[in-house]
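A.B. asks: Numbering-wise (the working numbering), the sequence shown opens with residue 1414 and increments by one.
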Amino acid sequence: MKALILAGGFATRLRPLSCSRPKSLFPLVNKPLLQWIFERLADSGVDEVILAVNALTQFYIRQQKPSKCGLKVRFSIDPPKKPLGTAGPIKKAEKLIGRNEPFIVLNGDIFADIDYKKLLETHKKTNALATMALCMVEDPSCFGVVELCEGDCIKRFIEKPPKGQAPSNLINAGAYVLSPEVFDLIPEGRAISIEREIFPQIAAAGRLVGCRINGLWIDIGKPVEYLEANKLILDSIAHTKTKPKKIMAEINYPVALDQGVVVGENSIIGPYAIIGKNVKIGNNVTISDSIVFSDAEIGDDVKLHGAVVGEGAYIGRHADIGNGCVIADQAKVKENVHMRDGSTVCPAKEISENIL
Ligand code: GDD
Ligand code: MG
1414 MKALILAGGF ATRLRPLSCS RPKSLFPLVN KPLLQWIFER LADSGVDEVI LAVNALTQFY
1474 IRQQKPSKCG LKVRFSIDPP KKPLGTAGPI KKAEKLIGRN EPFIVLNGDI FADIDYKKLL
1534 ETHKKTNALA TMALCMVEDP SCFGVVELCE GDCIKRFIEK PPKGQAPSNL INAGAYVLSP
1594 EVFDLIPEGR AISIEREIFP QIAAAGRLVG CRINGLWIDI GKPVEYLEAN KLILDSIAHT
1654 KTKPKKIMAE INYPVALDQG VVVGENSIIG PYAIIGKNVK IGNNVTISDS IVFSDAEIGD
1714 DVKLHGAVVG EGAYIGRHAD IGNGCVIADQ AKVKENVHMR DGSTVCPAKE ISENIL
């Protein structure tokens, strides 16, 4: 079985962290989102994945090399400076996908506990052209919303309805099984939205079917949601509580420490501290509700609460980083700097004065 992953978006809401990595490579509890997706697909019997991306995203994925989990992985690249939207890349990959059997399409920016086998079974049992995973949310206005009729057939599909006008709270979870006939509905060579132009047509023909999911479903839209997503995932996987050897600090679980992390004396790590590979943490540091990407360095006496520190970033001694702060990759916050809640630092920038 084949799966196409749409991962050519620009993740503007996750700036400045997305200035230097696509959303699909954001670490979730120290593992890139794409790797979580690959693992689940491989477990569901998928053997080949097509990554529909732009050239820059392909560059980053090749550079980072997330584990392929035994899958055959190919790229299908949008034309330069002409993103194809969410349906164009499916049409473009028609030859790679083939027309022999139904295939899976996923939004590559979602962490979801979806049973793809069940989605495929539902698709095969009905006369659907498209079977869509659905989940319940409080505010559906930022998503694709469905109106169901009998037998989980989707009567109407509305992308991002104005606030208060959604027909239900059941939304498109960003995972579908499509039959090859869907290729015939997508015009070639231009940007086209599957949500705005294709799903409404399939729904009108009575061949769009919904399949509700119950597990964890997280859209990592903005930095605050990204932090929240990491905490939820950490909660769902935090079984082991063995304190790593060589660490003389106090560890308040749940905590995730990747390989090669060094922590100085009298530091208090956690709860909810997610620390990437080879991070160096000094003495008397306190870190909670925060994510520190790999290779970052945190000096002595630093306070880090509710913040994200990018890859290779440096936080000098005595710095105090408030809630919702985002320090992008390779940025440098000098000693004694106090950063007010919600401040951000762009990649490779140096901050030497307080941000109050
Ligand atoms: N290759 C390629 N080219 N991929 C793209 C392009 C493009 O031009 N535009 C977007 N994508 C990818 C994004 O990277 C993302 O993984 C996926 O397609 C969906 O695009 P988003 O821009 O993230 O859409 P959204 O979040 O506003 O809405 C979509 O997701 C919701 C679930 O989170 C829709 O599918 C909604 O209906 C859905 O509810
Ligand atoms: Mg999205």
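Beta carbons are placed, not taken as given, at the ideal position from N, Cα and C, and that holds for glycine.
1) Where does ASN1763 land, buried or exposed, given buried means 16+ other C-beta within 10 angstroms?
2) What I want to know is whether the C-beta of ASN1585 ends up closer than 7 Å to one or more non-hydrogen atoms of the ligand MG.
3) Straight-line CA distance for LEU1769 to PHE1439?
4) State the CB to CB distance for the pair ILE1571 and VAL1590, rounded to an integer number of angstroms; the pair is presumed to be in contact (CB under 8 Å).
5) Under 8 Å between the Cβ atoms of GLY1755 and GLY1737?
6) Give, in chain order, every unbroken run of the alpha helix (DSSP H) that is at least 4 residues long and sits entirely within the region 1562 to 1642.
7) With distances taken Cα to Cα, identify the nearest neighbour of ILE1728 among LYS1747, GLY1719 and HIS1718.
8) Would you call the region 1570 to 1586 in contact with the region 1532 to 1542, where contact means no fewer than 3 C-beta pairs closer than 8 Å?
9) With DSSP as the reference, identify every bridge partner of TYR1529, one or two as the case may be.
10) If you measure between the beta carbons of ILE1682 and ALA1651, is that distance less than 8 Å?
11) Going by the beta-carbon positions, is the gap between ALA1525 and ILE1599 smaller than 8 Å?
12) Rounded to the nearest angstrom, how far is the Cβ of SER1775 from that of ASN1696, given a contact under 8 Å?
13) From ALA1642, GLU1678 and ASN1749, pick the residue whose C-alpha is nearest to that of ASN1443; which is it?
14) Pull up the CB-CB distance for LEU1464 and PHE1488, whole angstroms please, since I reckon it's below 8 Å.
15) Please state whether the Cβ-Cβ distance between LEU1547 and ALA1586 is less than 8 Å.
16) Could you name the residues of the same chain whose beta carbon sits closer than 6 Å to that of PRO1593, not counting the 5 residues immediately before and after it, in chain order?
17) Output yes or no for whether 8 Å exceeds the beta carbon distance between LEU1629 and SER1649.
18) For the putative contact between ASP1702 and LEU1647, defined by C-beta atoms under 8 Å, what is the C-beta separation to the nearest angstrom?
19) Work out the CA separation of ILE1688 and ILE1704 for me, nearest whole Å.
20) Excluding five sequence neighbours on each side, which residues of the same chain lie with their C-beta closer than 6 Å to the C-beta of CYS1624?
21) If we count the other Cβ atoms within 10 Å of its Cβ and call it buried at 16 or more, is GLY1564 buried or exposed?
22) Does the Cβ-Cβ distance between ASN1467 and PRO1496 come in under 8 Å?
23) Can you confirm whether the region 1450 to 1464 touches the region 1662 to 1671 when touching is taken to mean that 3 or more C-beta pairs between the two stretches lie within less than 8 Å?
24) Please find out if some non-hydrogen atom of the ligand MG comes closer than 7 Å to the beta-carbon of ASN1691.
25) Can you name the residues that DSSP bridges to ALA1709?
26) At 3 residues or longer, and completely inside the region 1711 to 1752: list those beta strand (DSSP E) runs for me, N to C.
C.D. replies: The relevant details are as follows:
1) Residue mapping note: residue 1763 aligns to position 350 of the sequence shown, counting from 1. Rather than Asn, the amino acid found at residue 1763 in this sequence is Glu. The residue is exposed, with fewer than 16 neighbouring Cβ atoms inside 10 Å.
2) In the sequence shown, the residue the question calls residue 1585 occupies position 172. Answer for ASN1585: no, Cβ out of range of the ligand MG.
3) Counted from its first residue, the sequence shown places residue 1769 at position 356. Counted from its first residue, the sequence shown places residue 1439 at position 26. Roughly 29 Å separates the two Cα atoms.
4) In the sequence shown, the residue the question calls residue 1571 occupies position 158. In the sequence shown, the residue the question calls residue 1590 occupies position 177. Here ILE1571 is actually not in contact with VAL1590; their C-beta atoms are around 21 Å apart, not less than 8 Å.
5) Within the sequence shown, the letter at position 342 stands for residue 1755. Within the sequence shown, the letter at position 324 stands for residue 1737. At the C-beta level, GLY1755 and GLY1737 come within 8 Å of one another.
6) Within the region 1562 to 1642, the runs of alpha helix (DSSP H) that reach at least 4 residues and sit entirely inside it are, in chain order, 1612 to 1617.
7) Here residue 1728 corresponds to residue number 315 of the sequence shown, with the count starting at 1. The option with the nearest alpha carbon to ILE1728 is LYS1747.
8) Judged by Cβ distances under 8 Å, the region 1570 to 1586 makes no contact with the region 1532 to 1542, as fewer than three pairs qualify.
9) Walking along the sequence shown from the start, residue 1529 turns up at place 116. Partner(s): none; TYR1529 has no beta bridge.
10) Mapped onto the sequence shown, residue 1682 falls at position 269. Mapped onto the sequence shown, residue 1651 falls at position 238. Not in contact: ILE1682 and ALA1651 (Cβ atoms no closer than 8 Å).
11) Sequence index remark: in the sequence shown, residue 1525 carries index 112 (1-based). Sequence index remark: in the sequence shown, residue 1599 carries index 186 (1-based). Not a contact, by the Cβ cut-off of 8 Å.
12) Here the chain has residues from 1414 to 1769 only, and residue 1775 is not among them.
13) As a first step, residue 1443 is located in the sequence shown; it is residue number 30 there, counting from the start. The shortest C-alpha separation from ASN1443 is found at ALA1642.
14) Position 51 of the sequence shown, counting from 1, holds the residue named residue 1464. Position 75 of the sequence shown, counting from 1, holds the residue named residue 1488. The Cβ separation is near 5 Å, so the contact holds.
15) Stepping through the sequence shown from its first residue, residue 1547 is reached at position 134. Stepping through the sequence shown from its first residue, residue 1586 is reached at position 173. Their beta carbons are under 8 Å apart, which means LEU1547 touches ALA1586 by this criterion.
16) Residue mapping note: residue 1593 aligns to position 180 of the sequence shown, counting from 1. These residues qualify, in order along the chain: ARG1512.
17) Reading the sequence shown from its first residue, position 216 is the one you call residue 1629. Reading the sequence shown from its first residue, position 236 is the one you call residue 1649. Yes.
18) As a first step, residue 1702 must be located in the sequence shown, where it is residue number 289. As a first step, residue 1647 must be located in the sequence shown, where it is residue number 234. For a cut-off of 8 Å, the C-beta gap from ASP1702 to LEU1647 is around 11 Å, too long to register as a contact.
19) The count along the sequence shown starts at 1 and reaches residue 1704 at position 291. The count along the sequence shown starts at 1 and reaches residue 1688 at position 275. For ILE1704 and ILE1688, the distance between alpha carbons rounds to 6 Å.
20) In the sequence shown, counting from the first residue as 1, residue 1624 sits at position 211. Counting only residues of its own chain and dropping the five nearest sequence neighbours on each side, CYS1624 has a CB closer than 6 Å to the CB of LEU1532, THR1535, THR1544 and ALA1546.
21) Here residue 1564 refers to the residue found at position 151 of the sequence shown. Residue burial is scored here from C-beta neighbours: GLY1564 has fewer than 16 other C-beta atoms within 10 angstroms and is therefore classed as exposed.
22) Taking the first residue of the sequence shown as 1, we reach residue 1467 at position 54. Taking the first residue of the sequence shown as 1, we reach residue 1496 at position 83. Yes, these two residues count as a Cβ contact at 8 Å.
23) Under the 8 Å Cβ criterion, the region 1662 to 1671 does not count as touching the region 1450 to 1464, having fewer than three qualifying pairs.
24) Against the sequence shown, residue 1691 aligns to sequence position 278. No.
25) Along the sequence shown, one-based indexing puts residue 1709 at 296. Looking at the DSSP output, ALA1709 bridges to nothing.
26) If only complete runs of 3 or more residues are kept, the region 1711 to 1752 shows the beta strand (DSSP E) at 1716 to 1718, in order along the chain.
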